[in-house]
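K.L.:
Note that the protein sequences, when read in sequence, are chains S and V. Residues in the first sequence are numbered consecutively from 1, following the UniProt record's numbering. Residues in the second sequence are numbered consecutively from 1, following the UniProt record's numbering. Note that the Cβ used here is the ideal one computed from N, Cα and C, for glycine as well. As the structure is a prediction and not an experimental result, all values here were calculated from the model.
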Amino acid sequence: MTTVEFSPAAEPLAAKLLEPALEILARYPAGRERSALLPLLHLVQTEEGHVSPNGVAFCADLLGINKAQVGAVATFYTMYKRRPTGEYLVSVCTNTLCNVMGGQEVYDQLTEHLGVGHDETTADGKITLEHAECLAACDYAPVVTVNYDFTVDQATPESAVELVENLRKGDRPTPARGARICSLREMQYQLAGFADPREGAVADGVAGAPTLRGVRLAQEHGVTVAGFDPDTPITKTKPRVTEEKK
Amino acid sequence: MTQPRPEVLQKLTPVLTKRWLSPDAWRIGVYERLDGYLALRKALDVHPDDLIQLVKDSGLRGRGGAGFPTGLKWGFIPQGDGKPHYLVINADEGEPGTCKDLPLMTYDPHSLVEGAIIASYAIRANRAYIYIRGEAVHAARRLRNAVQEAYAKGYLGKNILGSGFDLDLVVHSGAGAYICGEETALLDSLEGFRGQPRLRPPFPAIAGLYASPTVVNNVGTIASVPYIVLGGADWWKSMGTEKSAGPMIYSLSGRITNPGQYECGLGITLRELIELAGGMKPGHNLRFWTPGGSSTPILTAEHIDTPMDFEGVSAAGSILGTTAMQIFSDQDCPVYNTWRWLEFYHHESCGKCTPCREGNYWMVRTYRRILAGQGTYTDLDTLQDTADNIFGRSFCGLGDGAATPVVSTLKWFRQDYLDYIEGRTAPRLSEKSLVGAH
């Protein structure tokens, strides 16, 4: 794997990304390197902001598959962008629950305010807007994310406009529950499976009230599950065999 | 806001959600002080078969929607077959309404890591993958950190705690495809392909990841395992009902005063859950709801006392699913809501099976026409017919899921459809959304 021949199209990316790419490959069993394709496509987006033909060539050369095979995968998944993206990706959930709770108005307002539609980028290159499907935060509906981190909960058209205005001014407001905002390209590095390199980012974001509602209610009223004994024995019918064949 | 009655409060069972109250429980040191990795030590001290039996005895059923008995699934993995085994955790949470796994992975990631190690030991897998939804970036951040911490402490890697058992665990981010929550599509995606479902049989237990025996379990299922190992099967069964044992995280959203996560024994009713959530929002009366995400048939106000366990919901004609309860009121329109779900299924259909690919295309257009005030009576027959032809005729549940809100709203709320067609309800969509719809 260390002696990959790169085509001219792939070379510029290979010069920058070969090292992390090989690290990604090593996560999967020998002979199963194709499993690395999704993280590799995320990795390509750290440099390009989208998956270009060069990015496709890089993945294809590295995995020893053809460009059509890579292209088929890259075009299947929503998070691989086919056109250049902005510094931030702002996603508004407009799936049913968020939609009826006001998500559609939020999205419509942003479209009008920014003058861009779904999957389009503002002329200043700052913001790519999209309407997203369920982002798994229905208890905070409607939600807006920046680079997929939960940034505005119970969003209103006003709070969403304030968010994008701050981003365009160069500010990075503190997200509601996600980590401090980075650029979309930096986020792609994490999506490729690498640890967030920013000091303190893992610790960012506290659980919101809806997340804790049930468990707080139990705590306030002293409700616990009785009879929990961590030393409850496990019935042993067979001896523990340490040298069992793996 | 009304206070829940004491007898209803007693139905709360804080087990999997309990550590969420400790803001630093995602750090390994804090997790260890809160019983963390105790279960792993205990599990490594018994034969893997005894662990499988324990999980069988507990009655644990899959928390991802299907409710398949977990111990039975683990027991299907052939042992001594000379093939590598894999554990794959389905963390691709995306079923509309579902929001229980993300907080678990964000605020208590080690419980999933610990469960993964125990489960891998039980099925004799030396590699495990957590396939986490791409968009779930903060949960993935915490999870990757937890995995790193677990390696540093010797809970992962070679010869775990001197047991002779080796395990490598990789957190693999998806890239935005709802279909990958279906287990065989997930496996294809993990192998580096488009996420499209496979024909079963063979089931993953025989030919899963890399055509090897594989257990695919949901986050909540695996995170339950350490508690069962610690507290025992009988304690686990002290929660829930006879056939649906244990606690479940109910995700309440929509027109209620306090949306959120409520962990209760299986079998609680919507009436009780709404009471815990402070009642309906002022001015809203319950009209319809999903018991377990948008792919489960819609229920109505008359089902408010249905026990929310696998059997109870099934008897009411729906599915427990992921206990993602989206609650809608008399101010919401079942036709509009279904249309929006259909747009989702249409977008997320992988295209492999013709009924799902083409059927969703047609249904979306029919809905747009109805909602734009141009629907006809035959549109209702078309919808019913299309849904009937998708249901059960696709490789995976996405097709069934798409047909479900159509069939159930036509059943319960036909009048709402007629109101659009006969002009009593003002159109919700403009005619410009009908371009190309003929």
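Please identify, using Cβ separations under 8 angstroms, the residues of the region 91 to 107 of chain V that lie next to chain S, in order along the chain.
P.N.:
Hits within the stretch, in order: Glu93, Gly94, Glu95, Pro96, Gly97, Thr98, Cys99, Asp101, Leu102, Pro103, Thr106 and Tyr107.
K.L.:
How would you list, in chain order, the residues of chain S whose beta-carbon sits under 8 angstroms from the beta-carbon of Ala189 (chain V)?
P.N.:
Strictly speaking, residue 189 (chain V) in this sequence is Ser, with Ala absent from that position. Those within 8 angstroms of Ser189 (chain V) in chain S are Leu38.
K.L.:
Out of S:Arg213, S:Cys134 and S:Thr174, which one is the CA nearest neighbour of Thr151 (chain S)?
P.N.:
Comparing Cα positions, the closest option is S:Thr174.
K.L.:
Could you give the DSSP three-state label for Met105 (chain V): helix, strand or coil?
P.N.:
Helix at Met105 (chain V).
K.L.:
Does Thr235 (chain S) pass the burial test, meaning 16 or more other C-beta atoms within 10 Å, or should it be called exposed?
P.N.:
By the neighbour-count rule (16 or more Cβ atoms within 10 Å), Thr235 (chain S) is not buried but exposed.
K.L.:
Does the beta-carbon of Val206 (chain S) have 16 or more other beta-carbons within 10 angstroms, so that it is buried, or is it exposed?
P.N.:
That one is exposed.
K.L.:
Pick from S:Leu17, S:Gly170, S:Ala141 and S:Met187: whose alpha carbon is nearest that of Thr156 (chain S)?
P.N.:
For the residues S:Leu17, S:Gly170, S:Ala141 and S:Met187, the minimum Cα distance to Thr156 (chain S) belongs to S:Ala141.
K.L.:
Report, in whole angstroms, the separation of the C-beta atoms of Glu41 (chain S) and Ala175 (chain V), which I expect to be a contact under 8 angstroms.
P.N.:
Looking at the sequence shown, residue 41 (chain S) is not Glu but Leu. Indeed they touch by this definition, with Cβ atoms about 7 angstroms apart.
K.L.:
Measure from the alpha carbon of Ala39 (chain V) to the alpha carbon of each residue in V:Ala122, V:Gly97 and V:Tyr420, then state which is nearest.
P.N.:
Comparing Cα-Cα distances from Ala39 (chain V) to each of V:Ala122, V:Gly97 and V:Tyr420, the minimum goes to V:Ala122.
K.L.:
Going by alpha carbons, who is nearest to Ala25 (chain V) out of S:Gly227, S:Val202, S:Gly214 and S:His221?
P.N.:
Answer by Cα proximity: S:Val202.
K.L.:
Across which residues does DSSP place Pro307 (chain V) in a beta bridge pair?
P.N.:
Pro307 (chain V) is bridged to V:Thr269.
K.L.:
On the three-state DSSP scale, how would you describe Pro259 (chain V)?
P.N.:
In the structure shown, Pro259 (chain V) sits in coil (DSSP, three-state: anything other than H, G, I, E or B).
K.L.:
So what does Ala128 (chain V) bridge to, in DSSP terms?
P.N.:
According to DSSP, which records beta bridges pairwise, Ala128 (chain V) is partnered with V:Leu87 and V:Leu169.
K.L.:
Going straight from the alpha carbon of Trp412 (chain V) to that of Asn159 (chain V), what length do you get?
P.N.:
Cα to Cα, Trp412 (chain V) sits roughly 58 angstroms from Asn159 (chain V).
K.L.:
Taking the beta strand (DSSP E) that Asn360 (chain V) belongs to, which residues open and close that run?
P.N.:
First-last for Asn360 (chain V): Thr354 to Leu371, but that is the alpha helix (DSSP H), not the beta strand (DSSP E).
K.L.:
The beta strand (DSSP E) that contains Gly254 (chain V), what's its start and end?
P.N.:
First-last of the beta strand (DSSP E) with Gly254 (chain V): Pro247 to Gly254.
K.L.:
At a CB distance below 9 angstroms, what residues from the region 226 to 237 of chain S approach chain V? Give them in sequence order.
P.N.:
Cβ contacts with chain V come from Ala226, Gly227, Phe228, Asp229, Pro230, Asp231, Thr232, Pro233, Ile234, Thr235, Lys236 and Thr237.
K.L.:
With a threshold of 8 angstroms between beta carbons, is Val364 (chain V) in contact with chain S?
P.N.:
For Val364 (chain V), the answer is no, since every Cβ of chain S falls outside 8 angstroms of its Cβ.
K.L.:
Helix, strand or coil for Met101 (chain S)? Go by DSSP, reduced to three states.
P.N.:
Correct three-state label for Met101 (chain S): helix.
K.L.:
Using a C-beta to C-beta distance shorter than 7 angstroms, which residues of chain V count as neighbours of Gly117 (chain S)?
P.N.:
Result: empty, since nearest Cβ-Cβ is about 13 angstroms, beyond 7 angstroms.
K.L.:
Find the residues of chain B that neighbour Thr13 (chain V), judging by a C-beta separation of less than 7 angstroms, and give them in chain order.
P.N.:
The structure shown contains no chain B; the protein chains it does contain are S and V.
K.L.:
With a 10 Å radius around its C-beta and 16 neighbouring C-beta atoms as the bar for buried, classify Tyr377 (chain V) as buried or exposed.
P.N.:
Flag for Tyr377 (chain V) reads exposed.
K.L.:
Does Cys138 (chain S) come out as helix, strand or coil in the three-state DSSP assignment?
P.N.:
Note: Cys138 (chain S) maps to helix in three-state DSSP.
K.L.:
What's the C-alpha gap between Tyr25 (chain S) and Trp341 (chain V)?
P.N.:
Correcting the residue identity first, residue 25 (chain S) is Leu in this sequence and not Tyr. Using only the alpha carbons, I get a separation of about 37 angstroms.
K.L.:
Pick from V:Gly373, V:Gly283, V:Leu209 and V:Gln374: whose alpha carbon is nearest that of Gln331 (chain V)?
P.N.:
The shortest C-alpha separation from Gln331 (chain V) is found at V:Gly283.
K.L.:
Can you tell me which residues form a DSSP beta bridge with Gly157 (chain V)?
P.N.:
Paired residues: V:Leu167.
K.L.:
Hey, is residue 251 (chain S)'s beta-carbon within less than 8 angstroms of any beta-carbon in chain V?
P.N.:
Lying outside 1 to 246, the shown extent of chain S, residue 251 (chain S) is not represented and no answer is given.
K.L.:
Tell me, which residues are paired with Ile127 (chain S) by DSSP?
P.N.:
The partner list for Ile127 (chain S) (beta bridge, DSSP) reads S:Tyr88.
K.L.:
Determine the extent of the beta strand (DSSP E) in which Phe344 (chain V) is found, giving its start and end residues.
P.N.:
From DSSP, Phe344 (chain V) is part of no beta strand (DSSP E) but of the alpha helix (DSSP H) over Pro334 to Glu348.
K.L.:
By the three-class DSSP mapping on this structure, what secondary structure does Asp92 (chain V) have?
P.N.:
DSSP places Asp92 (chain V) in coil when its eight states are reduced to three.
K.L.:
Cutting at 7 angstroms between CB atoms, please list the residues of its own chain near residue 305 (chain S), excluding the five before and the five after it.
P.N.:
Nothing about residue 305 (chain S) can be reported from this structure: the residues present for chain S run from 1 to 246 only.
K.L.:
Can you grab the Cα-Cα spacing for the pair residue 456 (chain V) / Pro204 (chain V), in whole Å?
P.N.:
The shown model of chain V, from 1 to 438, leaves out residue 456 (chain V), and the question about it has no answer.
K.L.:
Quick one, are the C-beta atoms of Phe395 (chain V) and Lys432 (chain V) less than 8 angstroms apart?
P.N.:
In this structure, Lys432 (chain V) does not lie closer than 8 angstroms to Phe395 (chain V) by Cβ.
K.L.:
When DSSP labels each residue in this structure, what does Phe58 (chain S) get in the three-state scheme?
P.N.:
In the structure shown, Phe58 (chain S) sits in a helix (DSSP, three-state: H, G or I).
K.L.:
Return the CA-CA distance between Trp20 (chain V) and Val215 (chain S), expressed in angstroms with no decimal places.
P.N.:
Trp20 (chain V) and Val215 (chain S): Cα-Cα distance of roughly 8 angstroms.
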